[in-house]
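A.B. asks: Here it is, the structure in full.
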DNA sequence: CGGGCCTTTGACGCACTTCAATCTAAGTGG
DNA sequence: CCACTTAGATTGAAGTGCGTCAAAGGCCCG
């Protein structure tokens, strides 16, 4: 990833709730998140918003634009974010002439897709409480994978959560309260935090295989 | 695509409702569909099935295995299918040394992802009737793109449809009857057929942009 | 003719929505 | 420092889409 490091410069700070790319755009840059939480979303004709992915530090927002010229969805920040822009041409060049990096980027795309599949399952088959629990487990695992799980705080509003789960804010509130009353999560100020991961994972029947993470290193042997 | 043509040999015919690849497998071949309809799916702990993608002629079933060694979902036929196997190593080789083909395969993956996003929107925001109408519009458009839309017949059972839409077979039946009573679709034997595409598309608020198809050729000029 | 899949239909219950009101915390300006 | 504002969280009551359970009706094929 040496070559990628050369590209990362000029980090930009964006406020919460700001659009980065809009549906229909043909953006010049690919964006990489360094801090904060962003999302992919679409607006519905009735004004509702559907969030189809949460993007956390280490995620590329829009690798697709190197291949698909027009965005079929929008991307925006949920919390304040720090990001870097990478010229789309540079990504194209990497894809075509550096097969190892191309392979890594392809891996990232495929994991995105696997997450989408699991969200689709969640949306179709799990009731809102298990769906929300499952989301929290996934986010914890993904934050853990980039070393940001301690402490794990989710500073999302209930409306943002609701748009992600495909439910109403009112119901998000009730489900959240239910998970809290069962001592799986708690509120730290306005952020959600997990206080009993084991119980949450059991409740959500969470299996992280779909994230295709490298197996955790067992460092108990080489101290 | 000359190079791909060399690879296509030994088409295999599979009966309906047969697994092609199971979750957890580490398959040796990538599969390309020539005829029939297959699907990606996951089984739930309670025995329910969630269908996360419909695969039609021209679709690769499992391009991912060239990069992600373990399948996080299963693939099976819904109707009888004709498919060809392509050794995974061959795909890997194409990805690494033939950037134009690699680009085409990457395009295919990104469109898969765009479809998944739209399904997620459908599942979260659209009621079952509009969701089903939207699915029919998508399938018609995809079949049309590979020249198989005339006549357009969907030989899926209501249970298969229900697993795709995340609803129960009973409700699928009612929704189907409702679309029929509104003269948008009809049954041709046991297959579903569209009798009023315009009305169906308007009802579903269908916009095909997410399929990233090349714009239809206007051949009225060069006769 | 019979058996097995699908499809179709009905009654009832629950998860989630809708509408609406209240409450709280964090500004903002005087 | 305190009115005033405003976004978000919380709570209640009533309505609806969809699920569940159960039974009956078509269609294909042996």
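Residue numbers (full-length UniProt numbering), protein chains in the order written: chain S, 1 to 223; chain L, 1 to 223. Cβ coordinates follow ideal geometry from the N, Cα and C atoms, glycine included.
How many angstroms separate the CA atom of residue 118 of chain S from the CA atom of residue 197 of chain L?
C.D. replies: The straight-line gap from Cα to Cα measures roughly 31 Å.
A.B. asks: Rounding to the nearest angstrom, what Cα-Cα distance links residue 154 of chain L and residue 178 of chain L in this structure?
C.D. replies: When rounded, the distance between both Cα atoms is 17 Å.
A.B. asks: Under 8 Å, Cβ to Cβ, is there at least one residue of chain S near residue 125 of chain L?
C.D. replies: Yes, residue 125 of chain L counts as interfacial toward chain S.
A.B. asks: Looking only at its chain, what residues have a beta carbon closer than 6 Å to the beta carbon of residue 158 of chain L, apart from the 5 residues adjacent to it on each side?
C.D. replies: If we look at residue 158 of chain L and ignore the five residues flanking it on each side, its Cβ neighbours are 169, 172 and 173.
A.B. asks: Taking 7 Å as the limit between beta carbons, can you name the residues of its chain near residue 36 of chain L, skipping five residues before and five after?
C.D. replies: For residue 36 of chain L, where only same-chain residues beyond five positions count, the Cβ hits under 7 Å are 77, 79, 80, 81 and 82.
A.B. asks: Residue 206 of chain S: buried (16+ other C-beta within 10 angstroms of its C-beta) or exposed?
C.D. replies: Classification of residue 206 of chain S: buried, given that the 10 Å Cβ count is 16 or more.
A.B. asks: Kindly list, in the order they appear in chain S, the residues whose Cβ is closer than 7 Å to that of residue 112 of chain L.
C.D. replies: Near residue 112 of chain L (Cβ distances below 7 Å), the residues of chain S are 113.
A.B. asks: If distances are taken between C-alpha atoms only, which option among L:45, L:33 and L:10 comes closest to residue 59 of chain L?
C.D. replies: Ranking the options by Cα distance to residue 59 of chain L, first place goes to L:33.
A.B. asks: Give me the subset of the segment 59-86 of chain L whose CB atoms are less than 7 Å from a CB atom of chain S, sorted by chain position.
C.D. replies: Answer in chain order: 64, 67, 68, 72 and 73.
A.B. asks: Where does residue 34 of chain S sit, in a helix, a strand or coil, going by DSSP?
C.D. replies: The answer is strand: DSSP assigns residue 34 of chain S an E or B state.
A.B. asks: Exposed or buried, residue 57 of chain L, counting other C-beta atoms within 10 Å across all chains shown (16 or more means buried)?
C.D. replies: So residue 57 of chain L ends up on the buried side.
A.B. asks: Can you find a CB in chain S that lies within less than 8 Å of the CB of residue 96 of chain L?
C.D. replies: Yes, its Cβ sits closer than 8 Å to a Cβ of chain S.
A.B. asks: Taking CB distances under 8 Å as the criterion, tell me whether residue 106 of chain S reaches chain L.
C.D. replies: True, the Cβ-Cβ gap to chain L drops below 8 Å.
A.B. asks: Using the beta-carbon of each residue, which ones in chain L are nearer than 7 Å to residue 198 of chain S?
C.D. replies: None at all; the shortest Cβ gap to chain L is about 18 Å.
A.B. asks: How big is the Cα-Cα spacing for residue 39 of chain S and residue 52 of chain S?
C.D. replies: Approximately 7 Å between the Cα atoms of the pair.
A.B. asks: Any C-beta of chain L sitting closer than 8 Å to the C-beta of residue 121 of chain S?
C.D. replies: For residue 121 of chain S, the answer is yes, since a Cβ of chain L falls inside 8 Å of its Cβ.
A.B. asks: Counting only beta-carbon separations shorter than 8 Å, does residue 47 of chain S have a partner in chain L?
C.D. replies: No, residue 47 of chain S lies away from the interface with chain L (no Cβ there is under 8 Å from its Cβ).
A.B. asks: Quick one: grab the DSSP three-state call for residue 186 of chain S.
C.D. replies: In the structure shown, residue 186 of chain S sits in a strand (DSSP, three-state: E or B).
A.B. asks: Any Cβ of chain S within less than 8 Å of the Cβ of residue 181 of chain L?
C.D. replies: Taking Cβ atoms only, chain S never reaches closer than 8 Å to residue 181 of chain L, which makes this a no.
A.B. asks: Helix, strand or coil for residue 48 of chain L? Go by DSSP, reduced to three states.
C.D. replies: Here residue 48 of chain L sits in coil by DSSP.
A.B. asks: So that I know if they touch, is there some Cβ in chain L lying closer than 8 Å to that of residue 184 of chain S?
C.D. replies: So, not an interface residue.
A.B. asks: Any heavy atom of the ligand HEM closer than 7 Å to the CB of residue 25 of chain S?
C.D. replies: The model depicted lacks the ligand HEM and carries no ligand whatsoever.
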